[in-house]
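*Asks:* Quick note: to get my numbering, add 378 to the position in the sequence shown (first position is 1). The beta-carbon is built from N, C-alpha and C at its ideal position, and this holds for glycine as well.
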Amino acid sequence: MPAPQLKLPTIQNWNCHSCAGCCRQHEIEITTEEKERIEKQRWDQDESIPTGQPVFVKIGLSPVSNRYRLAHQEDGSCIFLDEKGLCRIHAKFGEPAKPLACQVYPYAFHPAGNDIAVSLRFSCPSVVSNLGKRVDQQSSEIRKIVDQVLPKRRKTPPPPRLTAKESLGWPDTLKVVGSLNQLFQSSDTRFLINLLRALAWVELIEQSRFETIRGERLDEFLSLISQAIVQEYPGDLELSRTAISRLGGIQFRLLAAQYARKDTYAEASRGLVRRRLSLFRSALKFTLGKGTIPCLQDRFVAVPFSQLEGSFGALPPESEKLFARYYRVKIQGLHFLGAAYYDIPFVEGFYHLALMFPAIMWIARWIAVSEGRSTLQVEDVNEAMAIADHHHGYSPVFGMPHFRSRVRNLSRSQDIKKLITWYGL
Numbered sequence: 379m380p381a382p383q384l385k386l387p388t389i390q391n392w393n394c395h396s397c398a399g400c401c402r403q404h405e406i407e408i409t410t411e412e413k414e415r416i417e418k419q420r421w422d423q424d425e426s427i428p429t430g431q432p433v434f435v436k437i438g439l440s441p442v443s444n445r446y447r448l449a450h451q452e453d454g455s456c457i458f459l460d461e462k463g464l465c466r467i468h469a470k471f472g473e474p475a476k477p478l479a480c481q482v483y484p485y486a487f488h489p490a491g492n493d494i495a496v497s498l499r500f501s502c503p504s505v506v507s508n509l510g511k512r513v514d515q516q517s518s519e520i521r522k523i524v525d526q527v528l529p530k531r532r533k534t535p536p537p538p539r540l541t542a543k544e545s546l547g548w549p550d551t552l553k554v555v556g557s558l559n560q561l562f563q564s565s566d567t568r569f570l571i572n573l574l575r576a577l578a579w580v581e582l583i584e585q586s587r588f589e590t591i592r593g594e595r596l597d598e599f600l601s602l603i604s605q606a607i608v609q610e611y612p613g614d615l616e617l618s619r620t621a622i623s624r625l626g627g628i629q630f631r632l633l634a635a636q637y638a639r640k641d642t643y644a645e646a647s648r649g650l651v652r653r654r655l656s657l658f659r660s661a662l663k664f665t666l667g668k669g670t671i672p673c674l675q676d677r678f679v680a681v682p683f684s685q686l687e688g689s690f691g692a693l694p695p696e697s698e699k700l701f702a703r704y705y706r707v708k709i710q711g712l713h714f715l716g717a718a719y720y721d722i723p724f725v726e727g728f729y730h731l732a733l734m735f736p737a738i739m740w741i742a743r744w745i746a747v748s749e750g751r752s753t754l755q756v757e758d759v760n761e762a763m764a765i766a767d768h769h770h771g772y773s774p775v776f777g778m779p780h781f782r783s784r785v786r787n788l789s790r791s792q793d794i795k796k797l798i799t800w801y802g803l
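#1: Could you check how far apart the C-beta atoms of F683 and G669 are, in whole angstroms? I think they sit under 8 Å.
#2: Would S504 be called buried (16 or more neighbouring beta carbons within 10 Å of its own) or exposed?
#3: Does G771 have its Cβ less than 7 Å from a Cβ in chain C?
#4: Mind the definition here: the stretch 525-542 touches the stretch 716-728 only if three or more C-beta pairs lie below 8 Å; say whether that holds.
#5: Taking the Cβ atom as the reference point for each residue, do L540 and I571 lie within a distance shorter than 7 Å?
#6: Between which two residues does the beta strand (DSSP E) containing P489 stretch?
#7: Roughly how many whole angstroms lie between the Cα atoms of K522 and D493?
#8: Around the C-beta of T429, are 16 or more other C-beta atoms found within 10 angstroms, so that it is buried, or is it exposed?
#9: Is DSSP giving R706 helix, strand or coil here?
#10: Touching or not, the stretch 784-791 and the stretch 507-522, by the rule of three or more beta carbon pairs under 8 Å?
#11: List the endpoints of the continuous alpha helix (DSSP H) containing L715.
#12: Run the CB neighbour count on E806, radius 10 Å, all protein chains shown included, and call it buried at 16 or more, exposed below.
#13: Give the single residue among G613, G727, M734 and F569 whose Cα lies nearest to the Cα of R782.
#14: Assuming contact is defined by CB atoms lying nearer than 7 Å, are A495 and L712 in contact in what I supplied?
#15: Can you tell me whether DSSP reads D493 as helix, strand or coil?
#16: Between the alpha carbons of I408 and A449, how many angstroms are there, rounded?
#17: Considering only their Cβ atoms, is the gap separating R631 from F678 smaller than 7 Å?
#18: Suppose the cutoff is 8 Å on Cβ atoms and the five residues either side in sequence are ignored; what does the same chain contact list for Q390 look like?
#19: Taking Cβ to Cβ, would you say S697 is nearer than 7 Å to V756?
#20: Is DSSP giving T551 helix, strand or coil here?
#21: Suppose you measure from the CA of A764 to the CA of F500; what does that come to, to the nearest Å?
Here's what the structure looks like:
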């Protein structure tokens, strides 16, 4: 099979700016080959590593386990992160000497038929701020990473399902994804309206049957429903806030809490029993939605739930552009369905992705209120997106039945639409 083509986002820039955030919030499991390579670097003789400090930690309870991860320092950062926020392995031996997981971040690679769709993780502040060189101008560097990630004898995987009951071939699946992406391309329309259009469009996809809709007929169908949705949600549509149902409010707060958590080594090392008890108490408070919000990580301040529920005004123009870029990169990169997202179908995966907006805005409001403000700044939204996207597609809980049921309930009750306007206005 010839080398797959890379589908690179043309609207995203990125280069590493050495903020070291990724070195402080990820657990890096390494292969046997990587462990042997790092052992040959003789860090046991390097004065920058404290005497007696291991650089590897065994994973798993079995005494015969051969799984290892990089060790962490007391503050939760990687053992190889130096005082300047730089990787010791990279500085001493070059980037190819680092574990592959470190080289890949913040890129994400997903099958797109015979090709590879490239997405990025917005947990990286440089991705959020769109800093660096255009990604589509870095194809040779990205190709080197992809060649390490892909298995040598790669077979084209089956396409993700469209719905729980409907499936299309790869060419038609990519047409559907492309039509969804087009709904976010209109820079003359408010992002909120584009998102509501996309949500209504996906709801029509969910209600349709595709037994005989293929090829050119699919093109016609997608064009017709796109035109209908634009008419239903014109660019000058006046939006208003509609209260969320009581059950929807509970489901959303629990969802937002999952996105606001910080699951790092430093957090987990506080003790399993103590941590589970703390999470249980927090879950009860988020269910009730009264009193002060439990501080799920050190970044937050305990403020009343009620202070996040008023109107915070329109999105700053820079945040409008950020969300448009975020959704286009995730959609173009197939970063919300199939192999990239717990093997979830297209429709359900977009409902998860649509809920990212109110979740990010809820966290942004928490940040603003923590600093005594009732309006949002660009920095609030940027930071909230980095916090929430840390989990998107990577925390196992988001693919579990209870979480997926929560998203489906919010969809069936029409609360996703209400959440978008409630926290977007």
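*Replies:* Checking against the coordinates, here is how it stands:
#1: 7 Å
#2: S504 counts as buried, since no fewer than 16 other beta carbons sit within 10 angstroms of its beta carbon.
#3: Reference to chain C is not applicable here, since this structure consists of a single protein chain.
#4: yes
#5: Cβ atoms of L540 and I571: not closer than 7 Å.
#6: Y485 to A490
#7: 15 Å
#8: exposed
#9: helix
#10: no
#11: No alpha helix (DSSP H) holds L715; DSSP gives it neither H nor E.
#12: The requested residue 806 is not part of the displayed model; the chain covers only 379 to 803.
#13: G727
#14: yes
#15: The three-state secondary structure of D493, taken from DSSP, is strand.
#16: So the alpha carbons of these two residues sit roughly 11 Å apart.
#17: no
#18: L498, V505, N508, R512, V513, R703 and V707
#19: yes
#20: helix
#21: 5 Å
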